[in-house]
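>
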Amino acid sequence: MSVDPRMVHLYSYYRDAELRGATLLLKLIMRVEDSEAQVKLSRHLADETRHAWLWTKKIADMGAAPVRVLDGYQTRLGQGIGIPKTLVDLFALTVVVEERAQRRYLEHARRPDVEPDTLEILHEVTKDEKWHIGWIKNKLKELAAANGGEEKMVATLGRYREIDQRVVADLIAKEREAFGFSFSDVPDLN
Ligand SMILES: [Fe+2]
Ligand SMILES: [Fe+2]
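The sequence shown runs contiguously to residue 209 in my numbering.
1) Looking at the unbroken alpha helix (DSSP H) that takes in Ser61, where does it start and where does it end?
2) DSSP three-state label for Thr105, please.
3) Below 7 Å CB to CB, which residues in the same chain sit around Ala84 once its five sequence neighbours on both sides are set aside?
4) Any heavy atom of ligand 1 inside 6 Å of the beta-carbon of Val144?
5) If you follow the alpha helix (DSSP H) that Leu89 is in, where does it begin and where does it stop?
6) Assuming contact is defined by CB atoms lying nearer than 7 Å, are Val86 and Ser31 in contact in what I supplied?
7) In whole angstroms, what separates the C-alpha of Gly91 from that of Ile102?
8) Cβ of His127 versus every heavy atom of ligand 1: is any distance shorter than 6 Å?
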């Protein structure tokens, strides 16, 4: 059976997002001082690298190899956001990318034609996101409160979410060009 290069690209985009998510967590690990957050970040990092491996394995099982992704979600997001300066910025960015990952995986999983092995991976990677989003959000709030920076945090989250929406709209348009539909579309069940 011949491999659809568009699917290799799609899974490579997922893989890239997981790897860049892991990179963001490594940045946090190097900066965060409290030991409880160190434990959570380590667990979280292990999850993200496992997610990257699951997509890598999926591509390998197709008889293909991951392709380099130079214009993926996080790269585009980074271009819009610039370099996050503070710890609050880094945590806020993590919240936005985690929420996006969860949303996208759920959208993909609700399509009626997903192969069972892909569906299994989608469920596997989504099930960790609830915990990821929960603890990162709490930590973000705690940090912002400690610095009296709640308003700034809300503004930063708002700005990041706006850029996220723009980036995702572009990626969805690109996906429609390649496939004739987007995996984020609500499936037509009739
Ligand atoms: Fe992940
Ligand atoms: Fe995650």
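Even for Gly, the Cβ is constructed at its ideal location relative to N, Cα and C.
Note that the structure is predicted; figures quoted are calculated from it, not measured.
The short version:
1) Taking the first residue of the sequence shown as position 1, residue 61 is located at position 42. It spans 54 to 80 - the alpha helix (DSSP H) in which Ser61 sits, taken as one unbroken run.
2) By one-based count along the sequence shown, residue 105 stands at place 86. Secondary structure at Thr105: coil, using DSSP grouped into helix, strand and coil.
3) Indexing the sequence shown from 1 puts residue 84 at position 65. In its chain, beyond the 5 residues on either side, Ile78 have a beta carbon closer than 7 Å to the beta carbon of Ala84.
4) The residue you call residue 144 lines up with position 125 of the sequence shown. Checking every heavy atom of ligand 1 against the Cβ of Val144, one is found closer than 6 Å.
5) What you label residue 89 is simply residue 70 of the sequence shown in a count that begins at 1. Careful: Leu89 lies outside any alpha helix (DSSP H) and carries neither H nor E.
6) In the sequence shown, residue 86 corresponds to position 67, counting from 1. In the sequence shown, residue 31 corresponds to position 12, counting from 1. Annotated as proximal: Val86 and Ser31, with beta-carbon spacing under 7 Å.
7) Locating residue 91 in the sequence shown gives position 72, counting from the first residue. Locating residue 102 in the sequence shown gives position 83, counting from the first residue. Spanning the two alpha carbons is a distance of roughly 17 Å.
8) Indexing the sequence shown from 1 puts residue 127 at position 108. No heavy atom of ligand 1 is found nearer than 6 Å to the CB of His127.
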